[in-house]
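Numbering (our numbering), first residue to last: 793 to 1014.
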């Protein structure tokens, strides 16, 4: 497990069943508050992304919306869309598990706020979780729009129908491709340039099924 923020703050957040979303959020806010005070050039960024928001869902929705907005869908509309989905219990639990997984498994991730604010692999997975929820609601066009924007912004292409279990770490993330019928189990880790590609079948189930707790190395073609 990662040793956490070497400067100290709140007691290290426990993982697994004992994980509390509110504690993770409090830790992020405390880390960001220190950066807000110590780095004046980033004070506006720290305030608008984290300190201005009451909940972790609102904050993440804002971050994703600012990264994915374009002339068609401006950030306020995207933020509302993301917030509505991220507040669902199952989605909220998934993204907190992803955040903790990255902190636990990535030696370079020493603070929750680093992953939350800066890691495009984390952002790509959360965009997919929203797109997947929309896809399952029959809002296919909007789900595909988010897939397209995520591919453009993060260089990660995940079909919204693909199933990804909670506790996912997508490290570096550039060049990751996950196909329509792929399934990735819980607590998996994936490095950059991984492809979960099709078998060549014209239709139907044609992508890999990855079990729980699997690490897929950089450049792997499955």
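Every residue gets a Cβ at the ideal spot worked out from N, C-alpha and C, and that includes glycine. None of the values given here were measured: they were computed from a predicted structure.
- Query: What first and last residue would you give for the beta strand (DSSP E) that runs through residue 948?
  - Reply: Membership of residue 948 in the beta strand (DSSP E) is indicated by the continuous run 948 to 950.
- Using a Cβ-Cβ cut-off of 6 Å (strictly less than) and excluding sequence neighbours within five positions of residue 939, which residues of its own chain qualify? When the five nearest sequence neighbours on each side are left out, the beta carbons in the same chain lying within less than 6 Å of the beta carbon of residue 939 are those of 923 and 952, in order along the chain.
- Query: If you scan the region 947 to 991 from start to end, which runs of the beta strand (DSSP E) of 3 or more residues do you find wholly inside it?
  - Reply: 948 to 950 and 968 to 970
- Query: To which residues of the same chain is residue 857 closer than 7 Å at the C-beta, ignoring the five residues directly before and after it?
  - Reply: 867, 870, 871 and 874
- Query: If you check the beta carbons only, do residue 878 and residue 852 fall under 9 Å apart?
  - Reply: yes
- Query: Whose CA, out of 933, 968 and 1004, lies closest to the CA of residue 1014?
  - Reply: 968
- Task: Find the nearest neighbour of residue 1000 within the set 956, 983 and 909, judged by alpha-carbon distance.
- Result: 956
- Message: With three or more beta-carbon pairs closer than 8 Å as the criterion, would you say the region 814 to 824 touches the region 839 to 849?
- Response: yes
- Determine which residues share a DSSP beta bridge with residue 1013 and list them. 987
- Check the C-beta distance from residue 958 over to residue 886 and give it rounded, since I have them as a contact under 8 Å. Contact holds; Cβ gap of about 4 Å.
- Item | alpha helix (DSSP H) segment containing residue 883, residue limits | 881 to 897
- Item | Check whether residue 975 and residue 1002 have beta carbons under 9 Å apart | yes
- Exposure label - residue 979; buried when at least 16 CB within 10 Å: buried
- Task: Measure the CB-CB distance between residue 1005 and residue 998 and report whether it falls below 9 Å.
- Result: no
- Going along the chain, which residues of its own chain have a beta-carbon closer than 6 Å to the beta-carbon of residue 1011, five neighbours each way excluded? 985
- Task: May I ask you to report which of helix, strand or coil DSSP gives residue 869?
- Result: helix
- Query: Beta-carbon separation of residue 988 and residue 971 under 9 Å?
  - Reply: yes
- Message: Buried or exposed for residue 910, going by 16 or more other Cβ atoms inside 10 Å?
- Response: Exposed: under 16 other Cβ atoms inside 10 Å.
- Message: Tell me the residue span of the alpha helix (DSSP H) that contains residue 830.
- Response: 813 to 830
- Query: Which ranges does the alpha helix (DSSP H) cover as unbroken runs of at least 4 residues, wholly within the region 893 to 948, from first to last along the chain?
  - Reply: 904 to 910, 912 to 928 and 932 to 946
- Task: Give the DSSP-derived three-state secondary structure of residue 993 in the structure shown.
- Result: coil
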